[in-house]
Structure formats: structure tokens, C-alpha cells
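Data first, discussion second: the structure below is written as C-alpha cells.
4 protein chains.
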Amino acid sequence: MDLAALLDRIADDVAPEVGRGAVADYIPALARVRPGFGIAVADVDGGVHGAGDWLRPFSVQSMSKVFTLALVLARGDDVWTRVGREPSGDPFNSLVQLEHEDGIPRNPFINAGALVVTDELTCHGDAVGALLSFLRAESGHADIDVDAEVAASEAGHADRNRALAYFMASYGNMRNPVPSVLDQYVRQCSIAMSCRDVARSALFLARHGIRNDGTRLLGLSSAKRINAVMLTCGTYDAAGEFAYRVGLPGKSGVGGGIVAIVPGRCAVCVWSPGLDARGNSVAGVAALDRFTTLTGWSVF
Amino acid sequence: MDLAALLDRIADDVAPEVGRGAVADYIPALARVRPGFGIAVADVDGGVHGAGDWLRPFSVQSMSKVFTLALVLARGDDVWTRVGREPSGDPFNSLVQLEHEDGIPRNPFINAGALVVTDELTCHGDAVGALLSFLRAESGHADIDVDAEVAASEAGHADRNRALAYFMASYGNMRNPVPSVLDQYVRQCSIAMSCRDVARSALFLARHGIRNDGTRLLGLSSAKRINAVMLTCGTYDAAGEFAYRVGLPGKSGVGGGIVAIVPGRCAVCVWSPGLDARGNSVAGVAALDRFTTLTGWSVF
Amino acid sequence: MDLAALLDRIADDVAPEVGRGAVADYIPALARVRPGFGIAVADVDGGVHGAGDWLRPFSVQSMSKVFTLALVLARGDDVWTRVGREPSGDPFNSLVQLEHEDGIPRNPFINAGALVVTDELTCHGDAVGALLSFLRAESGHADIDVDAEVAASEAGHADRNRALAYFMASYGNMRNPVPSVLDQYVRQCSIAMSCRDVARSALFLARHGIRNDGTRLLGLSSAKRINAVMLTCGTYDAAGEFAYRVGLPGKSGVGGGIVAIVPGRCAVCVWSPGLDARGNSVAGVAALDRFTTLTGWSVF
Amino acid sequence: MDLAALLDRIADDVAPEVGRGAVADYIPALARVRPGFGIAVADVDGGVHGAGDWLRPFSVQSMSKVFTLALVLARGDDVWTRVGREPSGDPFNSLVQLEHEDGIPRNPFINAGALVVTDELTCHGDAVGALLSFLRAESGHADIDVDAEVAASEAGHADRNRALAYFMASYGNMRNPVPSVLDQYVRQCSIAMSCRDVARSALFLARHGIRNDGTRLLGLSSAKRINAVMLTCGTYDAAGEFAYRVGLPGKSGVGGGIVAIVPGRCAVCVWSPGLDARGNSVAGVAALDRFTTLTGWSVF
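Each protein sequence line maps, in turn, to chains V, D, B and U. For reference, each letter of the first sequence is one residue, going 5 to 304 in the numbering used here. For reference, each letter of the second sequence is one residue, going 5 to 304 in the numbering used here. For reference, each letter of the third sequence is one residue, going 5 to 304 in the numbering used here. For reference, each letter of the fourth sequence is one residue, going 5 to 304 in the numbering used here.
Below, the structure written as C-alpha cells:
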């Protein structure tokens with residue numbers, strides 16, 4: 005299969021979708037982003053292909069949750085006592101479930117769960133520092149960094165996440181002071197990366213735990229299990245629809261990116277900032293739908 | 005891989021789990037079932053292997069929902085206007101979600117959704133008759149039938165499902181009279197089959213829509229998408245955990261059976277009547293966990 | 005105070021509100037009712053005054069719940085083991101709460117609770133017969149009866165109440181067969197009475213349990229306690245607002261009637277079929293608001 | 005009626021209840037309080053009677069919500085755009101409802117609603133200062149003050165209230181910075197007063213808005229309406245039960261106090277620190293139940 009040609013075709017096919025949807029307007033710095041579309045595929049043998057704005061950095065937002073979860077699991081399974089693995093079945097930052105289940109978030113990919121993961125990672129040192137080290141190493145781009153303007157913008161609109169964190173603290177499910185966890189969380193979400201860099205950085209999930217330098221980050225089971233959590237919980241309350249249409253483990257962010265894994269083959273990253281009502285990139289989902297239809301590479 | 009030996013090994017490995025859990029006691033006829041364990045694998049080339057009580061018929065219960073969904077989708081996609089595709093995130097027969105979402109059930113594998121599927125199938129004629137024809141043809145066992153005692157027992161304990169059906173009717177989401185839909189539903193759940201027969205009958209999902217006689221029941225996309233719905237919604241509110249541990253599309257029933265699909269390879273059916281708190285077979289889940297660990301055949 | 009003049013003044017004051025709101029359109033026979041307004045006050049000494057359409061019969065609907073509750077409590081307090089006394093805080097026929105609280109309705113004035121009361125009354129014989137006897141005796145009108153057309157119309161639109169009843173049956177909280185309880189319930193709601201007759205029939209609550217013939221229906225405490233339940237739960241999820249604006253125990257019906265009690269003084273019944281979003285008569289609430297403002301007779 | 009003798013009798017009658025229930029253990033300073041019982045009645049003519057520990061100061065906690073609401077309403081009705089008037093139907097600090105209703109708390113007596121009231125009062129200056137001035141003037145005790153130890157203890161256990169406040173801030177329903185509102189809220193709850201002083205301070209509600217010095221704090225309607233909100237919402241999710249048993253507007257606090265109003269007659273304050281499962285004083289509710297039974301002074 006000629007992946008380069010395939011990606012160009014997908015970029016053409018989804019062009020009518022680019023510009024549809026709404027950008028995330030609750031974060032001013034994100035609301036100003038220019039429309040566009042990019043797609044990159046990194047295969048397990050080291051090749052990378054792309055189309056469109058695949059080298060243009062964007063805000064990774066919730067896609068960062070995949071990497072912090074992997075870094076925490078690389079240190080052990082303890083975090084699973086503090087966060088579940090079930091789909092939330094509710095909008096992505098709901099407090100309802102948290103109250104019914106005594107401060108234990110449903111899964112690590114809703115905001116409450118990601119705050120727990122960041123809190124756990126913070127117990128081992130500088131969470132954002134560890135995350136940047138990993139992303140720089142995997143992508144080969146030493147200049148990947150937090151976008152300070154986005155971080156400042158998010159910090160000024162973080163009352164709901166602050167509420168989530170204090171609520172979990174009231175149940176004893178916060179180890180570090182809420183302000184410092186929130187600071188780490190806001191900064192991890194504000195990292196800017198290109199489709200190419202995200203796809204490269206997520207390849208360890210297609211390789212069942214093996215990093216780009218051949219060392220092992222995670223055991224085979226842990227890597228497969230992150231894929232499972234991505235498939236059931238990675239796209240907010242549209243996980244069922246995403247599995248139905250795309251059929252791959254995937255994790256989206258309100259910056260317009262989605263990273264998806266074809267186990268044993270490749271990691272894919274798409275980006276386009278217009279979001280659907282559930283917070284997933286309109287053109288991004290369409291592109292992944294085309295990708296699995298054309299390649300036949302869904303997991304099902 | 006020597007599947008026969010593998011299944012024997014799994015039967016040995018999970019022996020300590022057999023008898024654990026609780027049988028479904030709200031249906032008297034199920035509460036009296038003897039303990040046991042069976043596993044069968046039907047591969048896409050036609051081979052079938054088994055271990056333990058793999059030829060012993062048991063009550064398929066909610067596993068029937070996979071087959072009625074397939075039979076409805078074989079006639080078109082209309083049913084998706086009446087039922088969603090998202091995990092429920094709530095216990096398996098919850099009315100809460102149904103009320104919040106105006107009588108549209110979250111997915112076809114919770115009871116409310118399955119009632120809609122049965123109602124839709126009933127629009128095309130005798131739903132149970134069509135289901136039995138399909139199962140008899142696929143399994144090669146012409147004597148597969150409804151267990152009249154189980155059906156009578158369930159019909160006497162169906163007030164909650166009756167409530168679900170009338171509730172959907174109040175939203176205009178029932179096409180046929182509730183008593184006749186309930187009768188079809190109770191009888192479809194009361195069909196008795198062995199692990200061997202279930203695995204054979206589910207093979208079309210591993211073959212992306214092709215029946216055992218080589219004819220096509222469903223298009224490739226539809227078949228893949230049923231697998232996707234099974235993975236995200238097939239084991240009540242433990243779908244995330246099942247994906248995490250087993251990593252296969254699967255559908256469980258309170259009779260103690262679970263059917264799972266390895267796309268492109270095989271269909272697996274396990275049975276053991278002791279259920280965990282979420283209604284899934286304790287030894288069955290353990291056996292599938294062993295199966296994917298030993299074969300490496302999870303979809304992730 | 006010249007009550008006759010006062011009621012005329014109130015009728016004038018609320019004239020602009022008459023015709024506002026929407027009639028209950030889910031029951032065809034109610035949807036066709038002509039606009040109008042009536043108010044009647046029956047005082048504890050036997051006098052009755054009225055204004056507007058105070059002699060015109062209308063469908064009592066949920067106002068019947070006050071009388072069935074009183075008739076059940078006249079036989080003992082057992083019903084309180086099957087139904088609570090707390091405001092529901094949710095729309096008037098919600099199943100959510102019923103599921104969270106194991107089939108025990110929040111209070112006797114939401115539909116689920118009233119079904120339990122009717123079921124309990126049915127254990128002692130013909131519920132509707134007992135109710136009609138009581139209403140005929142108190143009002144002095146022997147021709148008070150069920151409106152057969154309204155009853156037939158409601159019976160054809162009772163799926164939601166049927167769902168509620170079967171749902172409670174699934175928790176063991178139904179003593180009689182659901183179809184017969186529903187039949188009694190639909191017929192009790194379909195009784196037609198005038199404002200005059202309702203006010204006369206409710207006087208026992210203003211007289212702390214004493215009927216119009218001087219005999220005692222209920223003990224003083226029981227009568228006061230029905231008033232308490234009316235004040236906290238009598239107007240669906242607008243009970244707080246009704247207490248705030250009107251300040252009297254009251255019970256509304258979707259037929260447009262509201263009965264209110266001034267303990268120790270009088271019973272008031274207003275009627276006007278236009279309903280607000282919460283199911284209470286727009287002109288009726290406005291009239292009661294005027295009534296307590298002009299008389300100073302709120303309980304607060 | 006000899007009130008002094010009546011109160012002694014009530015103190016005797018409820019003696020077996022004193023010590024029952026559990027003290028509020030989430031606030032360490034409250035968990036250490038000694039058992040006891042006090043009752044005081046302040047009548048509208050200026051007389052005050054008491055029994056038991058009626059002069060012993062205790063932590064007013066949520067009873068303070070009545071006074072801050074009155075002080076806010078004395079400045080206008082604007083606060084009603086930010087908080088509702090309906091019973092919550094849920095435990096007293098639930099976030100569920102807040103999420104469903106876009107950051108508008110159900111009523112001013114649940115924690116979220118009281119935070120809004122305190123926030124609103126803070127817009128006019130020092131909320132706790134205004135509250136202390138009022139309480140000192142009404143009670144005639146210039147030394148009424150915040151208990152610094154209790155305030156410190158609460159401030160250290162305020163994560164849940166902090167979560168509520170940030171959550172409302174995320175909906176734009178907080179005017180002042182959350183830390184300063186929380187500080188005011190914690191301190192208002194930590195005021196220590198005796199039954200005598202609380203009863204005296206609440207007399208304006210029995211006098212329909214008139215303070216002890218004869219000046220008017222609130223209009224007649226506003227005062228009656230606070231009573232209405234107390235009756236429907238004053239005792240957490242036991243408001244229906246309290247109305248049923250006691251039949252008076254009342255507001256409880258987890259310090260073990262309850263203040264109740266007999267409109268036109270008197271204000272009553274009871275105190276005993278053992279709480280029932282819903283956070284209301286066990287002996288306190290029993291005493292008020294005896295009080296209305298013996299006097300016949302329920303509002304119904």
C-alpha cells in the first residue's frame with residue numbers, strides 16, 4: 005500500500021469537512037486557531053508519512069492523557085486503585101458520576117481521571133518535565149514545549165477542573181495540593197506538537213510497549229490495555245460511535261487532534277480544529293473513518 | 005497452535021473459579037442449574053474444538069441479542085434511529101438513561117435496546133422463528149429450541165422488562181403491542197444451546213459477515229460494527245474491564261455464557277453459571293482472559 | 005370579610021391570565037376543554053361562595069390523590085411503609101428516583117405514589133366506589149361520577165403510568181394486578197366535579213379531620229399531616245414556588261384545578277385549564293396568590 | 005399556657021433521646037462537643053423561656069443561612085436570579101443537581117445556595133460583620149462571635165464546599181473570589197450562640213419582618229416567604245418528614261441546633277448534638293414534635 009498517496013487521497017476526501025464544527029471557545033487561545041487539516045502515519049518500522057498540515061504544531065490538550073497514563077503505568081499499576089476503566093456514559097467533565105462513586109473517576113481519560121493520573125505522576129517528581137522528556141525523545145524534536153499563552157489562557161478558565169480536583173480531595177483522592185496538580189495538568193494540556201510528532205510519540209502503543217530506541221516502556225499487557233481503555237473511553241461520550249465508525253483505539257483533544265493506534269502496524273494522528281457536539285474533530289473523525297475503510301485496518 | 009490442548013489447559017487453569025459467583029436467582033429455572041464449565045472455539049475454516057461441558061446446552065439469555073441484532077441489520081440500518089451505540093455506564097436494565105434520553109436506549113445490548121431490536125424484528129414476521137432458523141442452520145442442530153420451562157419462569161418475572169417496554173411505548177418507541185414483544189423477547193432469551201453451537205453460530209462475525217454455507221448475511225462494515233458494539237457494550241457496565249482484561253468483542257448472558265470474536269480467526273464460547281456482581285460469568289471471563297493471554301489474540 | 009365580593013375581585017384580577025398556558029394535550033379529551041375560570045371557598049361553618057365558572061364540572065385528575073390518600077389513612081398508617089413523604093425534586097412522573105430508592109415512591113402525590121395509594125385502597129374493596137361515595141356525601145351531589153370519555157382517553161395514553169406500576173411491581177410494591185390498579189387509577193382521575201364540590205369535599209382538611217356531617221374521618225394529627233404533605237409535595241416540582249407565592253397546602257391537577265386549605269378556616273378550589281410548564285394552572289396559581297395576599301391567610 | 009413548665013416537660017420527655025445519633029465527625033472541633041439538650045422559646049411580646057442547656061453556646065452552622073438570607077433579602081430580591089426555591093430532593097451538598105441546572109442551586113439552604121447568598125452579601129461589604137451586628141443587636145449579647153477554633157477546623161475540611169464554589173464559578177455564578185467567599189462562609193457557620201440567643205434573633209420571622217427594636221428588617225411578604233422556604237427546604241432532604249412530624253418552618257445545623265417559627269407567636273430554638281442520618285438533631289426534632297403536639301401550634 006502506498007501510504008503517502010493514501011493520505012493525500014484522504015486529505016482530498018475530507019476537504020469538505022474542514023472548517024465544519026466549532027472550535028473550543030472556552031479557551032480563548034484555542035478559539036483563535038486557524039482552520040486546517042493534517043494527517044500523519046508512523047509505522048512500526050520507523051517510516052513516517054503525512055499530508056496537509058502534518059508538520060504544523062497544535063495544542064495536544066487531552067491527547068496528553070495517553071502519555072501521562074503510560075508514564076504512570078511504567079511505574080506500576082497502583083493508579084488503578086484511584087481511577088476506574090469503564091466508559092463514563094456522560095459528558096466529559098461530569099461530576100455526577102464522581103459523586104455516585106465516592107470520588108473515584110470512571111476512567112483516566114475524563115478530566116477527573118486525568119487529574120488523578122497527573123497527581124500520581126507528580127508524586128514521582130516533575131510530571132510535565134517527565135512528559136516533555138518522553139515526547140522529545142520519541143519525536144526527535146528537542147524543542148517540543150508548553151505553549152505559555154495557551155497555558156495562561158487555560159489557567160484562567162480552569163474553575164471546573166479546580167472543582168473536580170477539590171471534590172476528589174474531599175474524598176481523599178488527591179495526593180498533592182490541588183493548585184500544584186492543576187498547574188501540572190494545565191501545562192501538560194498546553195503542549196504544542198505536530199501530527200508527525202504525536203504519531204511518532206504514540207508508536208510504542210502500536211509496538212506493544214517498545215519505544216523508538218528499542219527499549220521497553222511498558223509490558224505487552226500494559227500496552228494492550230492502554231489501547232483497550234482508549235477504545236472504550238478515548239473519545240468522551242462518543243466512544244461507542246468512534247468504535248463503530250473507525251474501529252481503532254483513539255484519543256481526541258479539544259485542540260482538534262486525534263491519535264489512533266493500529267496494533268502491530270502504525271500510529272496515526274489527525275488534526276483539524278472544528279469540533280462536533282461531543283468535542284471530537286469533525287474532519288479528524290471523518291479522516292480516520294476513511295483511513296480504516298480504505299486500509300481495512302480496523303481492529304474488528 | 006494445538007487448540008484442543010490449549011482449551012484443556014484453560015479448563016484446568018480456571019477450575020478453581022468454577023462454582024464461584026452467584027447464579028441468576030431472579031429466574032427460578034436458572035437458579036437450579038448445576039455448576040460446570042465449557043469452552044468451544046470455532047475457527048473460520050470450519051474446525052471446532054472444545055473442552056469441559058462444551059456440548060451441554062444452557063440458556064443463552066442475553067447472548068441472543070447479538071443474533072437478533074444481526075438479523076435486524078441484515079434487513080437495513082433503520083434500527084439505529086431507535087437505539088444508540090454508546091456504552092450505558094449504568095447497570096444493565098436502568099431506566100434512568102432511558103428517561104434522560106427520551107425513550108431511546110443507549111445500545112442494543114442493554115435490555116431496553118434489545119426490546120427495541122426484537123420489536124423491529126417482529127415487524128418483519130415471527131422473530132423467534134427467524135432466530136431459531138438461523139441458529140439451527142449455523143450450528144447444524146435442527147433441534148435447537150426454546151426451553152419452555154425457562155420461558156415460563158422468565159415470563160413470570162418480567163415486570164421490569166414490561167416496565168421498560170411500556171416506558172418506551174410512552175415515548176412512541178414501540179411498534180408492536182408490548183405483550184407480544186415481551187413474549188418474543190422472553191422466548192428468544194430462553195433458547196438453549198451448547199458452547200459448540202453458539203461458537204458455530206457466531207462465526208459470521210469472525211468472517212466479517214459470511215455464514216457457514218458461504219452466503220453473506222451482512223456486509224463487511226456491518227459485521228465489523230457489530231463487533232465494535234460488542235466490545236464497547238457487550239458486558240453490561242463491565243465493558244471497559246472486559247476490554248481491558250480480555251481485549252475481544254464479547255457478549256455475555258446471565259445463563260453464564262459469553263461469546264467472543266477474534267476477527268478473521270475464530271469465535272469462542274465459554275459457559276459457567278456463577279456470575280460476578282455485574283452479571284458476567286466468573287469462570288467464563290477468567291477463561292477468556294487466559295485464552296487471549298496464551299494465544300496473544302486480543303484485538304489490541 | 006365579604007368573601008363573595010373578594011372572589012369577584014379575584015376573578016377580575018386574574019382575567020388577563022385566563023387562556024394563558026397550555027392545556028394538557030397528552031389526554032385528547034382534556035385538550036378539547038373550553039377556557040374559563042372558577043373559584044369557590046367553603047368555610048368551616050358551612051358557607052360556600054364562588055365566582056366565575058365555579059359550578060362547572062371539570063376533570064379533577066391529580067386532585068383525586070388527596071382524597072384517596074385520606075381514605076387510605078382513615079384505615080391506618082400502613083401505606084407509609086410503601087411510599088415516602090419527601091418532595092421529589094424531579095418532574096412529576098420520574099422513574100429515576102424510583103430506581104434509586106428501590107421502588108418506593110417519594111410521596112403519595114407523584115403518579116407512582118398515587119398508584120401505590122390506589123393499590124392499597126383497592127385491597128379494601130372498590131377504590132373508585134369508595135371515593136365516589138365520599139365525594140357525593142361531602143358535596144351533597146349524588147350525581148358526581150367518572151367521565152367515561154375522559155377515562156377512555158386516559159386509558160389509551162397510560163403507557164407511562166403502566167411502566168411505573170410494573171416497575172414498582174418488579175420491586176414487590178404492588179399488591180393487586182397492575183391492570184386493575186391502573187383501571188382504578190384512571191377512573192379516579194377522570195371524575196368530574198365543580199369548584200364548589202371540590203371545596204366542600206376538602207373541608208375535612210380545614211376542620212382537622214371532621215366531615216361535613218360532623219363525624220370524624222381522620223384524627224387531628226393525620227389531617228394536619230396530609231396538609232403538610234400537600235404543602236411540600238402537592239404541586240409537582242413547583243412545591244417550593246407554590247409555598248413561596250401562595251403559602252397554603254395545595255394540590256393541583258392537569259385538568260386545571262387546584263385545591264388549597266386554610267387550616268381552621270376554609271377550603272378553596274380554583275379552576276382554569278391553561279397550565280404552566282410544571283403542570284399547574286396559570287390563572288389558578290395567580291388567583292390563590294391574590295387570595296392569600298388579600299386575606300393574609302397564608303400559613304406563614 | 006405556662007411555657008416554662010411546658011419546656012421543662014419537653015426536656016424530660018426527650019431525655020431518652022439525648023445522646024442518640026452521631027455528632028458531625030467531619031469537623032474535628034464539632035466531634036468533641038459534650039452531649040446535652042436545650043430549648044428556648046422567644047415570644048413576639050418579648051418574653052423568653054428556656055429549659056436544659058438553653059444558655060449554653062453551640063456552633064450554629066447552617067442555621068446561619070436563615071440570617072444571611074434575610075440580610076440579603078433586606079437589600080432586594082436580586083439573589084433569586086442566582087438561586088432557586090425548590091426542595092433539593094437530594095443530600096445536602098449534592099453536585100448532581102447543580103450540574104443539571106447549570107450552576108443555579110436549588111435553594112438557599114443547601115450548601116451551594118448558601119455560598120451564593122454569602123457571595124451576594126459580600127458584594128455589599130463584610131458579610132460576617134453584618135451578620136454579627138444583626139445577631140448581637142437582636143440577642144442583646146454583644147459578645148456573640150465566631151469560634152476561631154471551629155472556623156479553623158472547618159477551613160481545613162472545606163474541600164467539598166470549595167468544589168461547589170468553583171463549580172458555580174465555572175458557570176459564572178460567583179461574584180467574589182472563591183477563597184474570600186469560602187472564608188466568609190466558614191466563619192458565618194462557626195458563630196457560637198445559645199438557644200436563647202438564636203430564638204431571640206429569629207423572632208423577626210414570627211413578627212413578619214419586625215425586629216426586636218420595632219424597626220422593620222423585611223416586608224411582610226418577604227418574611228412570610230422565608231418561612232415558606234424554611235418549611236420546604238430547611239432540613240436538608242428530610243424537609244417533608246419535618247413538615248409531617250413538626251409542621252413548622254425550621255432550619256437545622258450540623259452543630260445540633262434547629263430553629264423553628266410559629267408565625268405570629270414565637271420563635272423556638274432547640275439544641276442537642278446527636279444527629280440522625282440526614283443531619284438533623286435527633287432530640288431536637290423529637291422536642292419540636294412534642295412542642296407542636298402539646299401546643300397545637302403547627303401551621304397546619
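All residues carry an ideal CB built from backbone N, CA and C; glycine is no exception. No experiment lies behind these values; they were computed from the predicted model shown.
Euclidean distance between Cα positions of residue i and residue j
| i | j | result |
| --- | --- | --- |
| D:Gly213 | V:Gly107 | 43 angstroms |
| B:Tyr248 | B:Pro112 | 21 angstroms |
| V:Val266 | V:Ala242 | 19 angstroms |
| V:Ile31 | U:Asp82 | 30 angstroms |
| B:Val233 | B:Ala167 | 25 angstroms |
| D:Thr236 | V:Gly244 | 6 angstroms |
| U:Glu124 | U:Pro181 | 12 angstroms |
| D:Gly23 | D:Cys193 | 23 angstroms |
| U:Arg294 | U:Ile14 | 7 angstroms |
| D:His161 | D:Ser174 | 22 angstroms |
| U:Asp149 | U:Ala196 | 6 angstroms |
| V:Cys127 | V:Val120 | 11 angstroms |
| V:Glu21 | V:Ala55 | 16 angstroms |
| B:Asn231 | B:Ser225 | 10 angstroms |
| V:Phe96 | V:Leu186 | Any answer about V:Phe96 is weak, because its pLDDT of 47 lies below 50 and its placement is not dependable; what the coordinates show is given next. Distance between the alpha carbons of V:Phe96 and V:Leu186: 17 angstroms. |
| B:Ala210 | U:Pro109 | 34 angstroms |
| B:Arg202 | B:Lys255 | In the sequence on display, residue 202 of chain B carries Val and not Arg. Approximately 11 angstroms, taken between the alpha carbons. |
| V:Ser143 | V:Arg200 | 8 angstroms |
Candidates the options, of which the one nearest residue i by Cα
| i | options | result |
| --- | --- | --- |
| V:Asp286 | V:Leu10, V:Val233, V:Ala9 and V:Ala19 | Here the sequence assigns Val to residue 286 of chain V, which means Asp is not the residue at that position. Ranking V:Leu10, V:Val233, V:Ala9 and V:Ala19 by Cα distance to V:Val286 puts V:Ala19 first. |
| U:Asp269 | U:Trp301, U:Gly257 and U:Trp275 | Here residue 269 of chain U is Arg; the residue named in the question, Asp, does not match the sequence. The candidate whose alpha carbon is nearest that of U:Arg269 is U:Trp301. |
| D:Arg191 | D:Tyr175, D:Asp151 and D:Ser174 | D:Asp151 |
| D:Ala74 | D:Glu90, D:Pro61 and D:Ala118 | D:Ala118 |
| V:Pro39 | V:Ser276, V:Leu222, V:Ala290 and V:Gly288 | V:Ser276 |
| B:Ala169 | B:Val37, B:Gly223, B:Ser184 and B:Ala44 | B:Ser184 |
| D:Ser205 | D:Val87, D:Ala44 and D:Ser92 | D:Ala44 |
| U:Gly283 | U:Arg215, U:Leu221 and U:Ile114 | U:Ile114 |
Extent of the continuous beta strand (DSSP E) run through residue i
| i | result |
| --- | --- |
| V:Asp151 | Taken as a continuous stretch (DSSP letters only), V:Asp151 belongs to no beta strand (DSSP E), as it is neither H nor E. |
| D:Ser225 | Element bounds for D:Ser225: not the beta strand (DSSP E) but the alpha helix (DSSP H), Leu224 to Cys237. |
| V:Val18 | No beta strand (DSSP E) contains V:Val18, which is instead part of the alpha helix (DSSP H) from Leu7 to Val18. |
Span of the alpha helix (DSSP H) around residue i
| i | result |
| --- | --- |
| V:Ser137 | Ala131 to Ser143 |
| D:Gly117 | Asn115 to Thr126 |
| D:Val100 | Val100 to His104 |
| V:Leu73 | Ser68 to Leu77 |
| B:Phe41 | From DSSP, B:Phe41 is part of no alpha helix (DSSP H); its letter is neither H nor E. |
| V:Glu90 | No alpha helix (DSSP H) holds V:Glu90; DSSP gives it neither H nor E. |
| D:Tyr248 | Ala243 to Arg249 |
| U:Leu221 | Careful: U:Leu221 lies outside any alpha helix (DSSP H) and carries neither H nor E. |
Per DSSP, cross-strand counterpart(s) of residue i
| i | result |
| --- | --- |
| U:Phe62 | U:Met197 |
| D:Asp47 | D:Cys270 |
| D:Ser256 | D:Ile262 |
| U:Val52 | U:Ala46 |
| D:Ser285 | D:Leu279 |
| B:Ile31 | None, per the DSSP bridge assignment. |
| B:Ile108 | DSSP lists no partner for B:Ile108. |
Got a sec: which bits of the region 150-171 of chain U sit with their beta carbon under 7 angstroms from any beta carbon on chain E, in order along the chain?
Looking for chain E here will not work: the only protein chains present are V, D, B and U.
Could you give the uninterrupted runs of the alpha helix (DSSP H) lying entirely in the region 153-194 of chain V, keeping only those of 4 residues or more?
163-174 and 182-193
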